Structures are given as structure tokens and as C-alpha cells.
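A.B. asks:
In my numbering, the protein residues as written are 108 to 236.
1) Taking residue 163 as the reference, which of 180, 202, 131 and 185 has the closest Cα?
2) Considering only residues of the same chain and omitting the five flanking positions on each side of residue 132, which have a CB-CB separation below 7 Å?
3) Contact defined as beta carbons within less than 8 Å: I believe residue 160 pairs with residue 204. What is the distance between those atoms, to the nearest angstrom?
4) Residue range of the beta strand (DSSP E) that residue 81 falls in?
5) Nearest-angstrom Cα distance between residue 228 and residue 218?
6) Inspect the beta-carbon positions of residue 242 and residue 209 and report whether they are closer than 8 Å.
7) With distances taken from CA atoms, which of 222, 224 and 198 is nearest residue 147?
8) What's the call for residue 142, buried or exposed, on a 16-neighbour Cβ count within 10 Å?
Here's what the structure looks like:
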């Protein structure tokens, strides 16, 4: 960031946006859906403001909040792939950016959920870590 408040992409570099905002309070599935729409809107508006943007990274717990009691219920957990990651993938594809997203993922073995980072490429392909 320069003193003028603008970002300038170097001749050889990778323009990255690290999004920071408070962890959301999530009490219902509707709150998660609202948060997903906020994330999608942020992808599009950030890319619009910084056309050279190549990577956008969202904070941990930005999708489902930080409520460990809610994470144990089926309605609060995500799958990869799943409806939530499909929406993130479509937004990355539309904005032609890589995205890193935080979700609480359902454990297919029925154990404790996974705190998962989902990485999506500009073509909408996803992987997780």
C-alpha cells in the first residue's frame, strides 16, 4: 500500500487481498447463508476495485462463525464439494481470482468436524487442506 492508499501491482508479483473483519455471530443456517453472500459480494467488489487482483484470502471462521456448540449439528457443517463451495467457486470463476475460504467441514466418519481451508482456482476448481 502506498502513502496515497492505493495498491500498485509490481512488475513481477502477485496481487493478494487479505480480508479482515470480525468473526460473525452465527445462530442459524440463514446466518451462514447470509455470510456466504457477504463473502461473495466481497470477492466481486474487491476484484472490481483492484482489477489486477489474483488471490483473495478470507479469515478463519468467516463462513460459520466461532460457535463450537453449533458445529456439532448437521445443518451447520459443510462438505467439499458442496453447495457452499460451489457458490465460492462460481464467484472465483466470475471474478477470475484464486480464493481461500474457511469452513467447518463435516467429518465423513462421523467424528469431530474439520476446520478446513478450501482453495479455489479462477476456473472454479477446488481443493482443501
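Think of the CB as a built atom: it goes at the ideal place given N, C-alpha and C, for glycine as much as any other residue. From a predicted model like this one, the values you see are computed outputs, not experimental measurements.
C.D. replies: Looking at the atomic coordinates:
1) Closest option to residue 163, Cα to Cα, is 202.
2) 172
3) About 6 Å separates the Cβ atoms of residue 160 and residue 204, confirming a contact at the 8 Å cut-off.
4) In the structure displayed, the chain extends from 108 to 236; residue 81 sits before or after that span and is not available.
5) 29 Å
6) This structure leaves residue 242 out entirely; the chain is present only between 108 and 236.
7) Answer by Cα proximity: 198.
8) buried
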